[in-house]
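Everything on this sheet refers to the single structure shown next.
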Amino acid sequence: MMVTRVFSGIQPTGTLHIGNYFGAVRNWAVMQNDVDCIICIVDYHSITADVDPKTLRQASLDMAIDLIASGIDPEKTILFVQSDVPQHTELCWILGCVTSFGDLSRMTQFKDKSSKEAFVSSGLFTYPVLQAADILLYLADGVPIGEDQVQHLELSRRVARRFNSRFGEMFPEPEPVVGKKGARIMSLSDPTAKMSKSAGESHYVGVMEPENSIRKKVRSAVTDMGPEAGDAMSPGISNLFEILELSTEATGKTGLVEELRSEFAGGALMYSKLKDTVFEQLMEVLRPIQQRRAELEASGDVIDMLRSGADKARAIATKTMAQVRSLVGLGTDSD
Ligand code: TYM
1232 MMVTRVFSGI QPTGTLHIGN YFGAVRNWAV MQNDVDCIIC IVDYHSITAD
1282 VDPKTLRQAS LDMAIDLIAS GIDPEKTILF VQSDVPQHTE LCWILGCVTS
1332 FGDLSRMTQF KDKSSKEAFV SSGLFTYPVL QAADILLYLA DGVPIGEDQV
1382 QHLELSRRVA RRFNSRFGEM FPEPEPVVGK KGARIMSLSD PTAKMSKSAG
1432 ESHYVGVMEP ENSIRKKVRS AVTDMGPEAG DAMSPGISNL FEILELSTEA
1482 TGKTGLVEEL RSEFAGGALM YSKLKDTVFE QLMEVLRPIQ QRRAELEASG
1532 DVIDMLRSGA DKARAIATKT MAQVRSLVGL GTDSD
């Protein structure tokens, strides 16, 4: 399917890590050249966890700087902070009324997160409805995401269908757009779990992390005892190869992957060599991003970029909501 308008979101809390970058952000930067692209820093979603109000605004701003440094161009992409467009929450309420409790109860992310919390808010439970509202508010037909968000996307599609059949044709059913590579980068210290910011420092590599610290983390990545000829790859080694493939795709040194793969197949690969190569190639990708970040931070322009992004987003959102309110029969305005 050809998509014409894509929407995606990222939570502002926590560090932007290479899972986010390879799974989502770098795809956004490519897509913005071909289709309408709307990228949202989802602060309403973040407050489903216990975030400190004193740091949330700064976190949203920092995430915007990270994204622009990573290649999102606010001239091409509508980049904004979710709560600057309160229509997200209005649509969320309406969509909540066409979302089944049973469907929400099946969301694995909710089961996962709620099992770790003493206090489980209803916001955490209805989180996927807000995600559906984010996407449908802009009538987006494509959603570039990593694999962990696919179940939420299926729910968004069901919600769109149910709204359309109850109130009339309004929303396209958004398609997940998942990259062939990078859709599921694993944790360095537990390669059977996805890389995430919540698991702890040793699990992820931050896009903006100092070089020394990245070297240490890559060097201590969990592997296995060393290959023997004909062995299958362990999850840790296969994750390192994936990071290497993604990095060399950007640096142009894809030959390195072939070379190391054939050493692995012959049982002769030194893992220290693999790790050093991963580190070097990854740094070639991250170094220019880190440099751009430093320049952007010094310029202080980002807040204005976000305000102008929110103005553009609000214009679309207002139009959608007028149609939705009329279809549902809400309010006193007759149009
Ligand atoms: P978030 O903030 O957890 O992650 C942002 C994006 O990064 C991807 N990602 C990964 N990709 C590959 N490997 C990994 N280890 C990895 N970890 C994260 C995610 O799949 C995501 O694409 N609920 C969403 C935010 C959201 C959203 C939306 C997304 C809110 N509304 C509407 C799309 C459309 C989330 O928490 O992403």
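So the sequence shown is numbered by the working numbering: it starts at 1232 and just counts up by one.
Every residue, glycine too, gets a C-beta built ideally from N, C-alpha and C.
Can you tell which of Ser1331, Ile1249, Ile1278 has its C-alpha closest to the C-alpha of Pro1243?
As a first step, residue 1243 must be located in the sequence shown, where it is residue number 12. From the listed residues Ser1331, Ile1249, Ile1278, the smallest Cα separation to Pro1243 is found for Ile1278.
Which residues DSSP lists as bridging Leu1527, in chain order
Translated into positions along the sequence shown, residue 1527 becomes position 296. DSSP, once it has assigned bridges, lists no residue as partnering Leu1527.
Beta-carbon gap between Ile1376 and Ser1239 smaller than 8 Å
Position 145 of the sequence shown, counted from the first residue, corresponds to residue 1376. Position 8 of the sequence shown, counted from the first residue, corresponds to residue 1239. Judged by their CB atoms, Ile1376 and Ser1239 are nearer to each other than the 8 Å cut-off.
If you pair each beta-carbon of the segment 1302-1310 with each one of the segment 1343-1351, do three or more pairs fall below 8 Å?
Counting Cβ pairs under 8 Å, fewer than three are found: no touch.
Ser1451 CB to nearest heavy atom of the ligand TYM below 7 Å
The sequence position of residue 1451 within the sequence shown is 220, counting from 1. Here the distance from the Cβ of Ser1451 to the nearest heavy atom of the ligand TYM is not below 7 Å.
Between Glu1515 and Ser1478, which are expected to be in contact by the criterion C-beta below 8 Å, what is the C-beta distance as a whole number of angstroms?
The sequence position of residue 1515 within the sequence shown is 284, counting from 1. The sequence position of residue 1478 within the sequence shown is 247, counting from 1. The beta-carbon separation of Glu1515 and Ser1478, rounded to 7 Å, stays under the 8 Å limit for a contact.
For Glu1440, three-class secondary structure by DSSP:
Walking along the sequence shown from the start, residue 1440 turns up at place 209. Note: Glu1440 maps to coil in three-state DSSP.
Compare the beta carbon distance of Leu1555 and Met1401 with 8 Å and say whether it is the shorter of the two.
Within the sequence shown, residue 1555 is the residue found at index 324, counting from 1. Within the sequence shown, residue 1401 is the residue found at index 170, counting from 1. For clarity, residue 1555 is Val in the given sequence; the question names Leu instead. Closer than 8 Å, so yes.
Can you confirm whether the segment 1439-1451 touches the segment 1400-1417 when touching is taken to mean that 3 or more C-beta pairs between the two stretches lie within less than 8 Å?
Result no; under three Cβ-Cβ pairs closer than 8 Å.
C-alpha distance - Asp1334 paired with Pro1441, whole-angstrom precision:
The residue you call residue 1334 lines up with position 103 of the sequence shown. The residue you call residue 1441 lines up with position 210 of the sequence shown. So the alpha carbons of these two residues sit roughly 42 Å apart.
When DSSP builds the beta bridges, which residues end up paired with His1248?
In the sequence shown, the residue the question calls residue 1248 occupies position 17. As a beta-bridge residue in DSSP terms, His1248 pairs with Gly1437.
I think Asp1297 touches Val1438, with their Cβ atoms under 8 Å apart; what is that distance to the nearest whole Å?
Translated into the one-based positions of the sequence shown, residue 1297 becomes position 66. Translated into the one-based positions of the sequence shown, residue 1438 becomes position 207. That belief holds up - the Cβ atoms of Asp1297 and Val1438 are roughly 6 Å apart, short of 8 Å.
May I ask which residues mark the beginning and end of the beta strand (DSSP E) holding Glu1406?
In the sequence shown, the residue the question calls residue 1406 occupies position 175. DSSP places Glu1406 inside the beta strand (DSSP E), whose first and last residues are 1406-1408.
Cβ of Gly1483 within 8 Å of any chain B Cβ:
Included in the structure is just one protein chain, with no chain B present.
Can you find a heavy atom of the ligand TYM that lies under 7 Å from the Cβ of Arg1389?
As a first step, residue 1389 must be located in the sequence shown, where it is residue number 158. No, Cβ of Arg1389 sits at least 7 Å from all heavy atoms of the ligand TYM.
How about Ile1270: is its Cβ closer than 7 Å to a heavy atom in the ligand TYM?
The residue labelled residue 1270 in the question sits at position 39 within the sequence shown. Result no, Cβ not under 7 Å from the ligand TYM.
Report buried or exposed for Gly1254, applying the criterion of at least 16 other Cβ atoms within 10 angstroms of its Cβ.
Taking the sequence shown and counting its residues from 1, the one referred to as residue 1254 is at position 23. By the 16-neighbour rule on beta-carbons within 10 angstroms, Gly1254 is buried.
Between Thr1508 and the rest of its own chain, which residues show a CB-CB distance below 8 Å, the 5 nearest in sequence each way excluded?
Mapped onto the sequence shown, residue 1508 falls at position 277. Excluding its 5 nearest sequence neighbours in each direction, Thr1508 has C-beta neighbours in its own chain below 8 Å: Leu1475, Leu1487, Leu1491, listed in chain order.
Look up Leu1271 in the DSSP assignment and give the residues it is bridged to.
Here residue 1271 corresponds to residue number 40 of the sequence shown, with the count starting at 1. Before going on, a small fix: residue 1271 reads as Cys here, not Leu. BP columns for Cys1271 point to Gly1240, Phe1311.
Say yes only if the C-beta of Met1262 is nearer than 7 Å to one or more non-hydrogen atoms of the ligand TYM, and no if none qualify.
Mapped onto the sequence shown, residue 1262 falls at position 31. Every heavy atom of the ligand TYM is 7 Å or more from the Cβ of Met1262, so no.
Out of Gly1354, Pro1466, Asp1379, Asp1462, state which residue places its alpha-carbon closest to the alpha-carbon of Glu1422.
If you number the sequence shown from 1, residue 1422 lands on position 191. The question names Glu, but residue 1422 is Pro in the sequence shown. Nearest option by C-alpha distance: Pro1466.
In whole angstroms, give me the CA-to-CA distance for Val1374 and Ala1300.
Residue numbering aside, residue 1374 sits at position 143 when the sequence shown is read from its first letter. Residue numbering aside, residue 1300 sits at position 69 when the sequence shown is read from its first letter. So the alpha carbons of these two residues sit roughly 21 Å apart.
How about Val1237 and Ala1371: are their beta carbons less than 8 Å apart?
Along the sequence shown, one-based indexing puts residue 1237 at 6. Along the sequence shown, one-based indexing puts residue 1371 at 140. Taking 8 Å as the Cβ cut-off, Val1237 and Ala1371 qualify as a contacting pair.
Mind checking Trp1324: buried by the 16 CB within 10 Å criterion, or exposed?
In the sequence shown, counting from the first residue as 1, residue 1324 sits at position 93. Label assigned to Trp1324: exposed.
Go through its chain and collect everything with a Cβ distance to Glu1494's Cβ below 7 Å, but skip five positions before and after it.
Residue mapping note: residue 1494 aligns to position 263 of the sequence shown, counting from 1. Answer for Glu1494: Leu1500, listed in chain order.
Tell whether a beta-carbon distance below 8 Å holds between Ser1433 and Lys1425.
Counting from 1 along the sequence shown, the entry for residue 1433 is found at position 202. Counting from 1 along the sequence shown, the entry for residue 1425 is found at position 194. Not closer than 8 Å, so no.
Is the distance from the Cβ of Gln1313 to the Cβ of Ile1272 below 8 Å?
On the sequence shown, position 82 is the one that residue 1313 refers to. On the sequence shown, position 41 is the one that residue 1272 refers to. It is a contact, given that the beta carbons lie within the stated cut-off.
Buried/exposed call for Ser1451, threshold 16 Cβ in 10 Å:
As a first step, residue 1451 must be located in the sequence shown, where it is residue number 220. With a 10 Å radius around the Cβ and a threshold of 16 neighbouring Cβ atoms, Ser1451 comes out exposed.
So what's Gly1373 in DSSP terms, helix, strand or just coil?
As a working mapping, residue 1373 is identified with position 142 in the sequence shown. Three-state result, Gly1373: strand.
Rounded straight-line distance, which links the Cα of Gly1498 to that of Pro1403
Residue numbering aside, residue 1403 sits at position 172 when the sequence shown is read from its first letter. Residue numbering aside, residue 1498 sits at position 267 when the sequence shown is read from its first letter. Pro1403 and Gly1498 have their C-alpha atoms some 51 Å from each other.
Residue burial classification, Pro1405 (beta-carbon count within 10 angstroms, cutoff 16)
On the sequence shown, residue 1405 is found 174 positions in, with the first residue counted as 1. Per the 10 Å Cβ criterion, buried.
Quick one: Cα of Lys1543 to Cα of Gln1512, how far?
Looking up residue 1543 in the sequence shown gives position 312. Looking up residue 1512 in the sequence shown gives position 281. A direct Cα-to-Cα measurement between Lys1543 and Gln1512 gives close to 37 Å.
Closest by CA to Lys1504, which one among Val1533, Phe1472, Asp1535, Gln1521?
The residue labelled residue 1504 in the question sits at position 273 within the sequence shown. Nearest in C-alpha terms to Lys1504, of all of Val1533, Phe1472, Asp1535, Gln1521, is Phe1472.
Arg1257 lies in the alpha helix (DSSP H); which residues open and close that run?
Taking the first residue of the sequence shown as 1, we reach residue 1257 at position 26. Counting along the chain, the unbroken alpha helix (DSSP H) around Arg1257 starts and ends at 1257-1262.
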